[in-house]
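> In our numbering, the protein residues as written are 97 to 289.
The C-beta atom is built at its ideal place from N, Cα and C for all residues, glycine as well.
Dropping the structure in here first, questions after.
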Amino acid sequence: MEDKELSPQESLDLIQAMISKARKRYSDNGYYFLLWGWITAIASLFHFFTATYTSFEYPFAAWSLTLVGAVLSVIKSNKQKKRAQVTDYTDKLYGWLWLSLGLAMFTIIFNGDRLGWNTVPFILLLAGVGTNVSGAMMGFRPLQFGAVVFWLLSFAAFRVEENYQMLLMATGVAFGYLLPGYLLKKNYSKNAL
Numbered sequence: 097m098e099d100k101e102l103s104p105q106e107s108l109d110l111i112q113a114m115i116s117k118a119r120k121r122y123s124d125n126g127y128y129f130l131l132w133g134w135i136t137a138i139a140s141l142f143h144f145f146t147a148t149y150t151s152f153e154y155p156f157a158a159w160s161l162t163l164v165g166a167v168l169s170v171i172k173s174n175k176q177k178k179r180a181q182v183t184d185y186t187d188k189l190y191g192w193l194w195l196s197l198g199l200a201m202f203t204i205i206f207n208g209d210r211l212g213w214n215t216v217p218f219i220l221l222l223a224g225v226g227t228n229v230s231g232a233m234m235g236f237r238p239l240q241f242g243a244v245v246f247w248l249l250s251f252a253a254f255r256v257e258e259n260y261q262m263l264l265m266a267t268g269v270a271f272g273y274l275l276p277g278y279l280l281k282k283n284y285s286k287n288a289l
């Protein structure tokens, strides 16, 4: 079978079709944004309230939920890979983006003592990068709006004490992960019918 040379319009149509398929796969139903949004919101609020209003010695304990999130993300990702007929370059790029950001966030948190536990501004900054690039890849503006919120809150987080940074983190994920995640889920449900 010989390769057919495509006209410029056919090339554009093929690229557009590939982008549309990729967007649908990425947006799926907003699962990852909802999963990580709720985990982060719960952990942030627990940390804030226990550190501010109780004598509980381990306000960071709720952050162990991130281990559950990591396991659930791996399970979901493996299921999606098994169902996918083809994995293309953009799928890999998207996965590597979030894996890289996750490792960067882990490195920051793991070395938090060296930063005086002032890790939240950096996490917000990196979350903004991930949501902005994800929003651009999907053509989904609410994620890009969420990225701007993350970046503004990162700027503010450098200027408030650690406990109140947790409120900024919860606010960031509300606008950067949860709101876009529910919009993705709504769009997916509407278009899947």
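Comparing alpha-carbon positions, which option in G208, L197 and N214 lies nearest V256?
Counting from one through the sequence shown, the residue named residue 256 turns up at place 160. For V256, the closest of G208, L197 and N214 by C-alpha to C-alpha distance is N214.
> Considering V256, what are the terminal residues of the alpha helix (DSSP H) in which it resides?
As a working mapping, residue 256 is identified with position 160 in the sequence shown. For V256, no alpha helix (DSSP H) encloses it, and the DSSP letter there is neither H nor E.
> What would DSSP say about L195, mapped onto helix, strand or coil?
Taking the sequence shown and counting its residues from 1, one reaches residue 195 at position 99. If DSSP states are grouped into helix, strand and coil, L195 belongs with the helices.
> Please confirm whether A139 and L163 have their CB atoms less than 8 Å apart.
Here residue 139 refers to the residue found at position 43 when the sequence shown is read from its first residue. Here residue 163 refers to the residue found at position 67 when the sequence shown is read from its first residue. In this structure, A139 keeps its C-beta atom at 8 Å or more from the C-beta atom of L163.
> Tell me which residues share the same chain as S230 and place their Cβ nearer than 6 Å to its Cβ, disregarding the 5 neighbours each side in the sequence.
In the sequence shown, the residue the question calls residue 230 occupies position 134. If we look at S230 and ignore the five residues flanking it on each side, its Cβ neighbours are L239.
> Determine the extent of the alpha helix (DSSP H) in which K178 is found, giving its start and end residues.
In the sequence shown, counting from the first residue as 1, residue 178 sits at position 82. Segment L161 to R179, the alpha helix (DSSP H) holding K178.
> Of the choices I171, G133 and G272, whose alpha-carbon is the least far from that of W159?
In the sequence shown, the residue the question calls residue 159 occupies position 63. Cα-wise, what sits closest to W159 is G133.
> For the region 270-280 against the region 242-257, are there 3 or more C-beta pairs whose distance is under 8 Å?
Result yes; three or more Cβ-Cβ pairs closer than 8 Å.
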